[in-house]
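Its first residue numbered 895, the sequence shown is counted upward by one per residue in the numbering used here.
Let me begin by presenting the structure, written as structure tokens, before commenting on it.
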Amino acid sequence: MKKLSILIPTYNQDCVLLVDSLTSQIDETGLDAEIIVLDDGSSDMRILADNASIEQDAHCRYIVSPVNQGIAITRNRLMDEASGDHLLFMDSDTCPATDDFLKRYSEAADTADVVVGGLKYRTGEDRTSNPLRIKYGMSSECRSARERAKKPYSSFVSSCFMISKEAAAQVRFDETFDRYGHEDTLFGISLQKAGVSIKHIDAPVYHDNSDTAEQFLSKVRIAIQSLSMHADKLRGHSRLLRLYDIIDSFHMARPVYSIFGHFRNMMEKNLTSAHPLMPVLMLYKISYLCGVMKL
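Structure representation (structure tokens):
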């Protein structure tokens, strides 16, 4: 691998510890690398001030957008700003799970156009205080490279992945996705359509999400709204959308939505408790989607 650009989109998230971890690994491995952090119009002045210290490191650039533009535009701008031959995207709420994280990615750089390393969640005292987020993440997002390789494109996640500069020029994030949710699903579809090769490896990051259960559910609803807005682009690639289409084919979408109307408080009481149930979360999602699609 020639030069690596590590690209971190952020919004109201302190990135100092993440950048410190990455610069340590760059120095240890001797990689030719740059780190670019692009703040998408954060409103938290304290976090902005803390993140400004990032630029003091010789490896780093810190860019602040004056307005919030959304994750797709932010990721595309980071691609344009990068000077590396390979671009490693990392969400600002992730952290390398191993000391040889960058070494693993660098060794896999020439094996495929896109390399995906996977996600982990911390255990014990270090784990998030949000039982819903950790339970959902462990059940839906934590997969070994072997498991992800069975469906390489549908297993794509944008939390942490590396793409060659050539492939990044070929496939961009769809900028009509101006809100949270599913822009990475469409990016995975676009990679497959373009014939871009993808390799799954075991080089995980911890997902250190600090959302409360209530904040997580708000993001779930926003993501479902995004799914509805872009349903034509995502059909055949979303399990939730496939389930909705089956329900709608039996003209049951409105009755299923009534579940959300009548039992929302009860479902949210379970999902924000110490013992959230994943079937309840699925019912919450599909009943809300039925309403959004029919409104």
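Idealized CB from N, CA, C, for every residue including glycine.
Nothing here was measured: the structure is a model prediction, and the numbers come from that model.
For Glu1041, report the span of its alpha helix (DSSP H) as first-last. Numbered from 1 along the sequence shown, position 147 holds the residue referred to as residue 1041. Ala1039 to Ala1043 is the span of the alpha helix (DSSP H), which, as asked, contains Glu1041.
DSSP bridge partner residues for Met984 (one or two, in chain order): For the purposes of this step, residue 984 is taken as residue 90 along the sequence shown, with counting starting at 1. Its beta-bridge partners are Cys1054.
Buried or exposed, going by whether 16 or more other CB atoms sit within 10 Å of the CB of Ala1205? This structure cannot settle anything about residue 1205, because the visible part of the chain is limited to 895 through 1189.
Mark Gly964 as exposed unless 16 or more other C-beta atoms lie within 10 angstroms of its C-beta, in which case mark it buried. What you label residue 964 is simply residue 70 of the sequence shown in a count that begins at 1. Buried is the call here.
If you drop the 5 nearest sequence neighbours on each side, which residues of the same chain put their C-beta closer than 8 Å to that of Asp921? Within the sequence shown, numbered from 1, the residue matching residue 921 stands at position 27. Cβ neighbours of Asp921 beyond the five flanking positions: none.
Count the CB pairs spanning the stretch 1107-1122 and the stretch 1033-1052 that are closer than 8 Å, and state whether there are at least three. no
Answer yes or no: do Gly1012 and Leu898 have a C-beta to C-beta separation smaller than 7 Å? Your numbering for residue 1012 matches position 118 in the sequence shown. Your numbering for residue 898 matches position 4 in the sequence shown. Contact: no.
What residues in its chain sit with their C-beta under 8 Å from that of Ile1153, if we drop five residues either side in the sequence? Counted from its first residue, the sequence shown places residue 1153 at position 259. The answer, listed in chain order, is Leu1177 and Ser1181.
When the Cα of Val910 is compared with those of Ala966, Arg1158, Thr988 and Asn962, which residue comes out closest? Translated into positions along the sequence shown, residue 910 becomes position 16. Among Ala966, Arg1158, Thr988 and Asn962, the Cα nearest to that of Val910 is on Thr988.
Checking 7 Å against the spacing of the C-beta atoms, do Pro1173 and Leu1026 come in under that value? Residue mapping note: residue 1173 aligns to position 279 of the sequence shown, counting from 1. Residue mapping note: residue 1026 aligns to position 132 of the sequence shown, counting from 1. No.
Among Ala1062, Ser1112, Lys1127 and Thr1166, nearest to His980 - alpha-carbon criterion: Residue mapping note: residue 980 aligns to position 86 of the sequence shown, counting from 1. With distances taken between Cα atoms, His980 lies closest to Ala1062.
Rounded to whole angstroms, what is the Cα-Cα separation between Ser1091 and Val1008? Taking the first residue of the sequence shown as 1, we reach residue 1091 at position 197. Taking the first residue of the sequence shown as 1, we reach residue 1008 at position 114. Spanning the two alpha carbons is a distance of roughly 6 Å.
I need the DSSP call for Asp1098, collapsed to helix, strand or coil. Counted from its first residue, the sequence shown places residue 1098 at position 204. According to the sequence shown, residue 1098 is Pro rather than Asp. Reduced to three states, the DSSP call for Pro1098 is coil.
Classify Asp1004 as helix, strand or coil using the three-state DSSP reduction. Numbered from 1 along the sequence shown, position 110 holds the residue referred to as residue 1004. Three-state result, Asp1004: helix.
What is the residue span of the alpha helix (DSSP H) that Asp894 lies within? As displayed, the chain neither begins before 895 nor continues past 1189, which places residue 894 out of reach and without an answer.
What is the residue span of the beta strand (DSSP E) that Glu928 lies within? As a working mapping, residue 928 is identified with position 34 in the sequence shown. Residues Ala927 to Asp933.
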